[in-house]
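Here the sequence shown is numbered in the working numbering, starting from 51 and rising by one per residue.
To start, the structure itself, in structure tokens.
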Amino acid sequence: MRIDRVLANNPGVFTGPGTNTWILDDGDGSVVVIDPGPVDTKHGRAIVDKVGDRQVVAVMVTHTHIDHAPLANPLAADLGVPAVGHAPGPMFDPDERLLDGAHYSVGELRLEVVHTPGHAQDHLCFRAGDVLFTGDHIMGGSSVMVEQMGTYLSSLRKLHNTGLTRLCPGHGDEMDRPDEVIDWYLAHRLQRHGQILETITDGNSTVSEIVEHVYSDVDTSLHPLAAQSVTAHIELLKAEGQVVFDGSRVRPVEAM
Ligand SMILES: [Zn+2]
Numbered sequence: 051m052r053i054d055r056v057l058a059n060n061p062g063v064f065t066g067p068g069t070n071t072w073i074l075d076d077g078d079g080s081v082v083v084i085d086p087g088p089v090d091t092k093h094g095r096a097i098v099d100k101v102g103d104r105q106v107v108a109v110m111v112t113h114t115h116i117d118h119a120p121l122a123n124p125l126a127a128d129l130g131v132p133a134v135g136h137a138p139g140p141m142f143d144p145d146e147r148l149l150d151g152a153h154y155s156v157g158e159l160r161l162e163v164v165h166t167p168g169h170a171q172d173h174l175c176f177r178a179g180d181v182l183f184t185g186d187h188i189m190g191g192s193s194v195m196v197e198q199m200g201t202y203l204s205s206l207r208k209l210h211n212t213g214l215t216r217l218c219p220g221h222g223d224e225m226d227r228p229d230e231v232i233d234w235y236l237a238h239r240l241q242r243h244g245q246i247l248e249t250i251t252d253g254n255s256t257v258s259e260i261v262e263h264v265y266s267d268v269d270t271s272l273h274p275l276a277a278q279s280v281t282a283h284i285e286l287l288k289a290e291g292q293v294v295f296d297g298s299r300v301r302p303v304e305a306m
């Protein structure tokens with residue numbers, strides 16, 4: 051097995067150094083392209099150059115955010131292979147849809163599909179032996195914006211202690227010791243969960259007030275991302291019966 055990375059030229063607040071496009075080779079010249087990224091002619095050419103004369107079997111996406119999926123359909127069409135993902139989304143229409151537990155053959159390699167909703171509901175991770183392509187479920191060097199907190203935490207726990215030795219994320223560098231990384235992610239989210247409940251108990255009742263308190267040490271350019279995660283935490287607190295939330299104002303459930 052051989053893994054190559056091609057970095058897209060889309061660095062930014064939401065994307066870190068840019069989107070990682072991964073090229074996974076079974077070791078015998080059959081490859082799959084994972085997360086081709088945004089529509090960018092230069093990046094598309096860089097992917098094709100990196101593939102060289104090897105045989106692409108599919109272009110896959112971890113999820114349909116616009117920094118991961120839009121190049122998938124045009125690149126797959128150029129290469130004459132299927133575009134593959136969990137579900138259709140903005141600028142992505144899969145030729146083949148993958149469900150949790152499915153296996154996808156890349157030459158001699160069996161790629162296992164793991165549905166990991168939370169960052170996005172259509173999010174998949176791809177597992178090749180003890181290596182996991184994590185998309186935005188786990189990022190290199192930062193925490194993740196979360197749409198649905200309860201499912202996100204379950205999706206992290208689902209991967210914990212499953213024998214992984216290496217993570218290839220959608221942004222940032224590769225990571226070894228996956229279980230320690232997942233422990234950090236879980237601890238970080240639970241710490242934020244506690245801080246947010248405390249801030250609500252102190253009388254802050256809107257998402258922007260809570261963001262200002264809980265994320266005071268984080269650059270304000272990241273506050274829109276933080277607001278999304280705070281909302282996801284509030285929804286989970288509501289499901290836990292700890293707060294009342296009407297969509298704009300939140301208050302604690304008083305202890306009896
Ligand atoms: Zn994403």
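Glycine included, C-beta positions come from ideal geometry on N, C-alpha and C.
Under the three-state reduction of DSSP output, Ile188 falls in the coil class, being neither helix nor strand.
Within its own chain, the residues whose Cβ lies closer than 6 angstroms to the Cβ of Arg160, once the five positions on either side in sequence are excluded, are His153, listed in chain order. Within a 10 Å sphere around the beta-carbon of Val109 sit 16 or more other beta-carbons, which makes this residue buried. Pro219 is classed as buried because its beta carbon has at least 16 other beta carbons within 10 Å across all chains shown. Just so you know, the alpha carbons of Lys100 and Met51 end up roughly 15 angstroms apart. With contact defined as three or more Cβ pairs closer than 8 angstroms, the region 224 to 240 and the region 180 to 195 are in contact. Annotation: the continuous alpha helix (DSSP H) that includes Met199 extends over Met199 to Leu209.
With contacts defined as CB atoms closer than 8 angstroms, His169 and Asp186 qualify as a contacting pair. If you check the CB distance, Gly157 and Leu125 do not come in under 8 angstroms. A residue is called buried once 16 or more other Cβ atoms fall within 10 Å of its Cβ, and Thr112 is buried on that count. Taking 7 angstroms as the cut-off, one finds at least one heavy atom of ligand 1 near enough to the beta carbon of Ala170.
Under the DSSP assignment, Ile84 falls in the beta strand (DSSP E) whose first and last residues are Ser80 to Ile84. With respect to the 8 angstroms criterion, Thr65 and Pro86 are not classified as neighbours on the basis of their beta carbons. Relative to the non-hydrogen atoms of ligand 1, the Cβ of Asp85 never comes closer than 7 angstroms to any of them. With a cutoff of 7 angstroms, His153 does not count as near ligand 1, since its C-beta is closer than that to no heavy atom of the ligand. Remark: the C-beta of His118 is in contact range of ligand 1, defined as less than 7 angstroms to any heavy atom.
Nearest to Leu149 by C-alpha distance, out of Thr249, Gln171, Ile188 and Thr215, is Gln171. Around ligand 1, the residues selected by a Cβ distance under 5 angstroms to any of its heavy atoms are His115 and Asp186, following chain order. Contact annotation: Phe176 and Ile84 have beta-carbon atoms nearer than 8 angstroms. Taking C-beta atoms under 8 angstroms as the contact rule, Val280 and Val264 qualify, at a distance of about 7 angstroms.
One thing to note: Ala276 has its Cβ within 8 angstroms of the Cβ of Val261.
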